[in-house]
Every structure is written in structure tokens, then in C-alpha cells.
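One structure is given here, and the rest of the page talks about it.
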Amino acid sequence: MGNKLTRTNSSAAKYDKAQYLLTASVAGVLLLFVGMPFYVILFLGAFSYFLFKIFSSEIRGEARHIFDFYLRAAEILRMDSRRWYGFEMQETISLGERLMQQQPSPQLVQFALGALYQKIGDNASAAAHLEAVVGPNVINESQIVSPSQNLREYVQMLRKIEREPAEAPQISAALRSLERLRKIRGSEMLAACRSSLSDNSSGQVLTEAGDHSRATSFLSDSDNCVTDADQIGHSHPMPSFFSSETTPTGHAGRDAGNSTQSHPSGYHSDRKSISEVLQDIYDDKVQ
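When you line the sequence shown up against my numbering, it's residues 1052 to 1338, in that order.
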């Protein structure tokens, strides 16, 4: 990709270099006439050329990153049977976010980024990006009249690819695919994201209401369980043991026998009566 884009930009690059060289030559001659030493002029010229190379390479590099993002996004968004790993989609999204932060990026970058967010299920981020490029308040490209140097370099490379698609066929196909997706399904994708967000918000409200109702029913069931346990406790033969406290000690054996006979298979049939237990404790203390 880099070699083909370099060939398409060779004539423009030569023209720009010729302009910079002519300007530097005129400035050097003027400085020489005013009496500045030649080695100082040579040093300033070399330093200026060094800065020019650094900034021009950065500008071209940023433009190339945009087209690289187009390639990767178009491959992921293509409706085919390939399955993409999560880290591949996250790396492509990270590249798109970096392009959005560093310069006023083209609208196609923001649309591709929103489509990628929708593919991974982040409907909130997808709606935010898609609304800026397919919503009612979208900014048309014709309204941008004062571009940055990065945007100007990008547009120059874009027009050359559009005029000569055979020089960069993969990039040209990616551009057409993303533009077609934006034109045909852009509004539909935005509506789907908004609908999903509204469904999630309503589902969250219903979930909270369901949790509250389950908590209320749980408390009522607990109350019912306590009531049943109380009822079972009141019907248990234990109160008959406590009632035997009021009976004389001499009748304890008879009461215990009657209790044992009345409940031959009862839960407490093998236990002593309360009077017998108290008698044993009293005997232990006396001894």
C-alpha cells in the first residue's frame, strides 16, 4: 500500500519540494547579501530541511493511518463467514479513536468507528458516533472550507485513489464498501442502536421492580414460616411437661407413665418429665 500511494503522490511531492527549494535559495541569497557568513546560512538551511522532513513525514503517516483504518474496518464489517477475535476489533477501534483525537478526522472514519462499536455491542458509543454522521445535524463535507494540513494531505491522497483505483485496489474497494454501508444502512444502524438502548433502559426498570417484588414475597413467606412454626410449637406435647410442674412430686411417675402411654411412639417418649429432671438436680445438690 505504501509504495503505490507513494507513486501516486510522486508528482505532487516533487512540485512541493521544488517550491521549498526555490524559497530556501532566495532566502539564502538575501542573507548572504546582508553580510551573514556562509556557514551560518548553510547551517540554517540544513536545519530547515530537517524540520521539513520530520513534519512532512508525520503528515503523510497520519493520512496513511486513516487508509489503513479503512482497510481493517471494511474487512471486519464485511458480511462474510469470518470470525474475528475480540482483540482484533479492539485494536481497530483503538486506531479509530486515536485518529479521532489527533486531528479533525473525516466523517467516514467516525462512521466506521460507530459501526465497529455496534458490532461489538456497545450501542451507546455506536449511537454517539453514528448520530454525528448520519443524524439530522450532520455536517456536510462542502461546509469545511478551512482544512488542517493533515486533512488536506488526506484529501489529496483520497482524490488520487479515486482517479486511479487500479493503483490501490484494496483501499479503493474498502472506501466504496464503507461509503455504500453508510449510505444504505447508516440510518438503520442508528435506529437499531437507539432502540436497543431504550429496550435496555426499560428492561433495567422491570428488573429492579422484579427484584423488589421478589424481596417482598420472600419476607412474607418468612413470616408465614414463622407462623407455621409457632403453630406447630403450640401443638407440641412440650406444654404437658411444663404443666406437670404444678402437680405434686408423688404423682410425677404416674403422669410420666400416662404421658408415655398416650404417646408411645411420640417424639419425646424417651425423655424424662420436667419434675424428674428437677428432682435429679435437687438430689445432686443435696449430695
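Note that CB positions come from ideal geometry on N, CA and C, so glycine has one too.
Only a predicted model underlies this, so the values are computations on that prediction, with no experimental measurement involved.
The continuous stretches of alpha helix (DSSP H) do not include Tyr1136, and DSSP gives it neither H nor E. With a cutoff of 7 Å on beta-carbon distance, Val1185 and Gly1147 are scored as not near each other. Under the three-state reduction of DSSP, Gly1079 is assigned to helix. Contact annotation: the segment 1116 to 1127 does not touch the segment 1086 to 1104, with fewer than three C-beta pairs closer than 8 Å. Between Leu1229 and Ala1163, the C-beta spacing is below 7 Å. Counting the other CB atoms within 10 Å of its CB gives Val1196 a total below 16, which places it among the exposed residues. Nearest Cα to Ser1247 within the set Glu1113, Ala1225, Asn1174: Asn1174.
Scanning Gln1221, Val1077, Ser1252, Met1240 for the CA closest to the CA of Tyr1168 turns up Met1240. Contact annotation: Ser1223 and Ile1212 have beta-carbon atoms nearer than 7 Å. In this structure, Gly1165 lies near Leu1181, with their beta-carbon atoms less than 7 Å apart. With contacts defined as CB atoms closer than 7 Å, Glu1204 and Ala1069 fail to qualify as a contacting pair. It is roughly 6 Å from the alpha-carbon of Val1189 to the alpha-carbon of Ala1183. Taking every protein chain shown into account, the CB of Ala1219 has 16 or more other CB atoms within 10 angstroms, so this residue is buried.
Straight-line measurement puts the Cα of Thr1143 at about 25 Å from the Cα of Asn1191. Annotated three-state conformation of Ile1144 is helix, per DSSP.
In this structure, Pro1155 lies near Leu1202, with their beta-carbon atoms less than 7 Å apart.
By the neighbour-count criterion, in which a residue is buried when 16 or more other Cβ atoms sit within 10 angstroms of its Cβ, Ile1235 is exposed. Take Gly1096, set aside five residues on each side of it, and the residues of its chain with a beta-carbon closer than 8 Å to its own are Ala1075, Gly1079, in chain order. Selection Val1160, Pro1187, Asn1251 evaluated against Leu1226 yields Val1160 as nearest (Cα-Cα).
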